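Peer 1:
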Amino acid sequence: MRPRHRSLQAGLPTIAAAAPSLRPALRALAAALLAALLAACGKGNLDDAQQQAIATLGKQLPAPYRDGLVVESVHRHGGDLVLVIRSPDITRAMANARPEVFDALRDDEQQAMRELCEDPALAPVYATGGGVRRRFVDADGAMFFEATLKASDCSSP
């Protein structure tokens, strides 16, 4: 028995069937467009979160930190926000003369980074995969060291 109605699409070739050589190019184009859209969406979210955090934190700066140090500024560096903390009295040369003191300070500051997980201004940055660094510099801007915090460091245990 023959079917009573013939499908409208039966016998009509699709674009891909009509031009088999276009299949790989169409797939590559679709994959490239999808990858670009996904990258743009993710980057936009992190960029927006960073800009929002910079605006919020920037209103409070400069601010005293501890032991005479000053949180001077905040800026973006790739996926991280960088808090620049200046020591107005200690130079890089002084730090080089007492490396054991600065090693202990670096370790202490790295442990203290977890307190930033509780900062509500930084929560959107962590949620979009960004991190935070505290960059310690002398009066001339020479870096002593950095302490870092990744978004994954703030996830609940």
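165 is the number that my numbering gives to position 125 of the sequence shown; each next residue is one higher, with no gaps. Glycine included, each C-beta is placed from N, C-alpha and C at the ideal position. Predicted, not measured: the structure shown is a model, and the values here were computed from it.
#1: Consult DSSP for Asp120 and reduce its assignment to one of helix, strand or coil.
#2: Taking Arg146 as part of the alpha helix (DSSP H), name the residues at either end of that continuous run.
#3: Which residues bound the alpha helix (DSSP H) around Ala187?
#4: Which partner residues of Ala171 appear in the DSSP bridge assignment?
#5: According to the Cβ coordinates, are Pro102 and Val114 closer than 8 Å?
#6: Would you check if the distance between the CB atom of Leu145 and the CB atom of Leu189 is smaller than 8 Å?
Peer 2: Based on what the coordinates show:
#1: strand
#2: 139-152
#3: Ala187 -> not in any alpha helix (DSSP H); beta strand (DSSP E) instead, spanning 183-189.
#4: A small correction: the amino acid at residue 171 is Gly; Ala does not occupy that position in the sequence shown. DSSP lists Asp120 as partners of Gly171.
#5: no
#6: no
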